[in-house]
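Have a look at the structure below before the remarks.
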Amino acid sequence: MIKKYDFLVIGSGLAGMSFALKVADKGKVAILCKTNLEEANTYFAQGGIASVTKPTDEFDNHIKDTLIAGDGICDVNVVRKVIESAPSQIEELLKWGVDFDRDDKGDFDLHKEGGHSDFRILHHKDNTGAEVQDSLIKKIKEHPSIDVFDQHFAIEIITQHHMGQLIKHTTPNIECYGAYVLDIRTNHVHTFLSKVTLVATGGIGNIYQTTTNPTVATGDGISMVYRAKGLVEDMEFVQFHPTALYNPKERPSYLITEAMRGYGAILKNKKGEAFMTKYDQRGSLAPRDIVARAIDNEMKLTGDDHVYLDVTGKDPEQTKEHFPNIYKKCLSLGIDITKDFIPVAPAAHYLCGGIKVDLNARTTINRLYAAGECSRTGLHGANRLASNSLLEAIVYADSAAKDALKILPEIEWNDEIPEWNDEGTSLNEEMVLITQSEKEVNQIMNAYVGIVRSNLRLKRAYDRLEILYRETESLFQRSVLSKELCELRNVINTAYLVIKAASQRKESRGLHYTIDYPKKNEHISLY
Ligand code: FAD
Ligand code: SIN
11 MIKKYDFLVI GSGLAGMSFA LKVADKGKVA ILCKTNLEEA NTYFAQGGIA SVTKPTDEFD
71 NHIKDTLIAG DGICDVNVVR KVIESAPSQI EELLKWGVDF DRDDKGDFDL HKEGGHSDFR
131 ILHHKDNTGA EVQDSLIKKI KEHPSIDVFD QHFAIEIITQ HHMGQLIKHT TPNIECYGAY
191 VLDIRTNHVH TFLSKVTLVA TGGIGNIYQT TTNPTVATGD GISMVYRAKG LVEDMEFVQF
251 HPTALYNPKE RPSYLITEAM RGYGAILKNK KGEAFMTKYD QRGSLAPRDI VARAIDNEMK
311 LTGDDHVYLD VTGKDPEQTK EHFPNIYKKC LSLGIDITKD FIPVAPAAHY LCGGIKVDLN
371 ARTTINRLYA AGECSRTGLH GANRLASNSL LEAIVYADSA AKDALKILPE IEWNDEIPEW
431 NDEGTSLNEE MVLITQSEKE VNQIMNAYVG IVRSNLRLKR AYDRLEILYR ETESLFQRSV
491 LSKELCELRN VINTAYLVIK AASQRKESRG LHYTIDYPKK NEHISLY
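Sequential numbering of the sequence shown, starting at 11, is according to this note's numbering.
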């Protein structure tokens, strides 16, 4: 079935929903999500959104912190744009009903996280993401021009390729006409035609075994754009959050926000030693790449599978007040954080790279925009500064909306788009193989493409992944589509892009650390 919309938005996180709200007065909008509106990385954000809001802080300080974290390869124009746009975008969130915590005087209660030189993180308790997501969902549902399609899985971006033209990465003027979308409930593939499409499909955490990301984060948008011959960049920079709660039975891993270290919690090893100062003078609040590598190293030195976060030195009532959800979650596992150390270990958390976009959020494919975690704007460089990603998502969704509204009147419908062709496919009886293959990818990525890399490990990962790639592509050609099969294909594709980019970077920089090209002055032991 063909559906026509002025704007097709793939993804219902902060990037997708804020874009939808900003264009909906000027045209019909379809917003898609794989499961339900809530299941998005945005919902799980804890720490908050970074913005200069108090008179004693300055844009230049936030810019400097972002550039330091990014280890020399941030795009300075992008950094300035995002940070200087932050206060006005915070205003938009407030207008949509997002409630940030305030102090007794009515000023924002600001938190501090690793790599920030000042307290500038706006937050709602320790569940900022849920507050943002719920507020925007309410607005989306109220808007008469926005149709929500949950349980709808975008399979491919439609381009001239689907009209029989041979497309390469070098082909000029590739155009996007919408997307083929699988209705998960009926298993029917719909053709969504659009004048403008926004990819806002979020992160890739689920290519790894251990991740803080909900299961929807499988790199679908990045894979779709790559297959459609759009440019993808900086895929080697996968951020591992240093402090995911160590609870091997649980996937995704529950996050212990970095704001807790900003509040005074200290990383300790099993012997109770505060080890971070051995690695960096900023201690537990050094940028994330350094802290995650230090924890990884401590775990290898001691043979333990986790370290600890100690917040017992702080006032128990204040701890409960600031981190009520973390307190409850840990208590449910028998850990009273006001008295006990919290077992933590790093977990795949965020992708700095992705679909390459310009300052207007345009991808290299015409009529196709990308915003949020799936995009590569140049803000993060080699390592994202904490709480800069919600900010990037809302700033770039705004840029995309403004630019899309400008080009909308010039765009004509293309009525020659064929419907999805599933001739010659049959029902796939081997569902268990799909699940098994995804687990294999997860194991490969954890074992060989984690925090510490090497040429040999990357080559191993590549060789093993290639077998899974061939098997899965063959299955894809022969089988009636399912969400699981499409997802597996994207997981493999995304993992391939991370391995390829990591293999090409012949240096250690930011989040990409390789023992073949080590940085000076880093305490990394070899195993
Ligand atoms: P998401 O919010 O992830 O939304 C992606 C959407 O795309 C979902 O609706 C999904 O269903 C949909 N989708 C995906 N594939 C398809 C497909 N094929 N078809 C249809 N729909 C699809 N950042 C901060 O700045 N501050 C924080 O405090 C913070 N804390 C975090 C805590 C956790 C536990 C996690 C996981 C992340 C955190 N981050 C934080 C990162 C931040 O939350 C994300 O980078 C950001 O929310 C991404 O927003 P997004 O709109 O790009 O994507
Ligand atoms: C956290 O709360 O520690 C996560 C913040 C982020 O990922 O930016």
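Just so it is clear, CB atoms sit at the ideal spot from N, CA and C, and this is done for glycine as well.
Going by DSSP in three states, residue i sits in which element: helix, strand or coil?
| i | result |
| --- | --- |
| L536 | Low confidence applies to L536: its pLDDT is 34, below 50, so where it sits in the model is not reliable, and the reading given next is rough at best. L536: coil per DSSP, three-state reduction. |
| I477 | helix |
| R463 | strand |
| Y264 | coil |
| E383 | coil |
| R112 | strand |
| F285 | coil |
| I12 | strand |
| A407 | helix |
| I83 | coil |
| A3 | With the chain covering only 11 through 537, there is no way to say anything about residue 3. |
| N503 | helix |
| A371 | coil |
| D425 | coil |
| Y472 | helix |
| D413 | helix |
| T482 | helix |
| N531 | Bear in mind that the predicted position of N531 carries a pLDDT of just 49, short of 50, making it too unreliable to give a figure here. |
| L400 | helix |
| L498 | helix |
Which one of the options has the shortest CA to CA distance from residue i?
| i | options | result |
| --- | --- | --- |
| S518 | K510, K529, A511 and I509 | K529 |
| S61 | G82, I83, Q170 and K91 | K91 |
| N363 | L341, C340, S399 and K330 | Residue identity differs from the one stated: residue 363 is Gly in this sequence, not Asn. Of the listed residues, the one whose Cα sits closest to G363 is S399. |
| T169 | A414, S127 and Y236 | Y236 |
| G323 | K32, L277, R130 and Y15 | L277 |
| N393 | H200, D526, K280 and F247 | F247 |
| L24 | D325, E49 and P326 | E49 |
| T196 | H134, S447 and D160 | D160 |
| M234 | N216, V191 and Y218 | V191 |
| K122 | E102, I150, N137 and R271 | R271 |
| E476 | M27, I165, E283 and A505 | A505 |
| H143 | E68, G57, T287 and N51 | The sequence given here has Gln at residue 143, not His. Looking at the Cα atoms, N51 is the closest of the given residues. |
| K280 | T267, G124, L18 and G313 | G313 |
| N307 | I352, G460 and T221 | G460 |
| Y379 | F333, A414, T221 and V86 | A414 |
| L401 | N431, G382, K412 and F17 | G382 |
| Q249 | D299, G212 and D157 | D299 |
| S436 | S464, P428 and V490 | V490 |
Identify every residue that forms a DSSP beta bridge with residue i.
| i | result |
| --- | --- |
| N393 | DSSP output for N393 lists no bridge partner at all. |
| S489 | S436 |
| N376 | E185 |
| A60 | I131 |
| R519 | H522 |
| L418 | Note: L418 sits in no beta bridge, so no partner. |
| V39 | F17 and I156 |
| K278 | Y318 |
What are the boundary residues of the alpha helix (DSSP H) that residue i is part of?
| i | result |
| --- | --- |
| F69 | F69 to A79 |
| E166 | Premise fails: E166 lies in the beta strand (DSSP E), H162 to I168, not in any alpha helix (DSSP H). |
| Y458 | M441 to Y458 |
| D144 | T138 to E152 |
| I93 | V86 to K105 |
| S28 | L24 to V33 |
| Y118 | The question names Tyr, but residue 118 is Phe in the sequence shown. No alpha helix (DSSP H) holds F118; DSSP gives it neither H nor E. |
| T52 | N51 to F54 |
| Y273 | A269 to Y273 |
If you follow the beta strand (DSSP E) that residue i is in, where does it begin and where does it stop?
| i | result |
| --- | --- |
| A254 | V248 to L255 |
Go through the stretch 293-368 residue by residue and report every complete run of the alpha helix (DSSP H) that reaches 4 residues or more, in order.
298-312, 326-332 and 334-342
Any alpha helix (DSSP H) of 4 or more consecutive residues that is wholly inside the stretch 171-252
230-237
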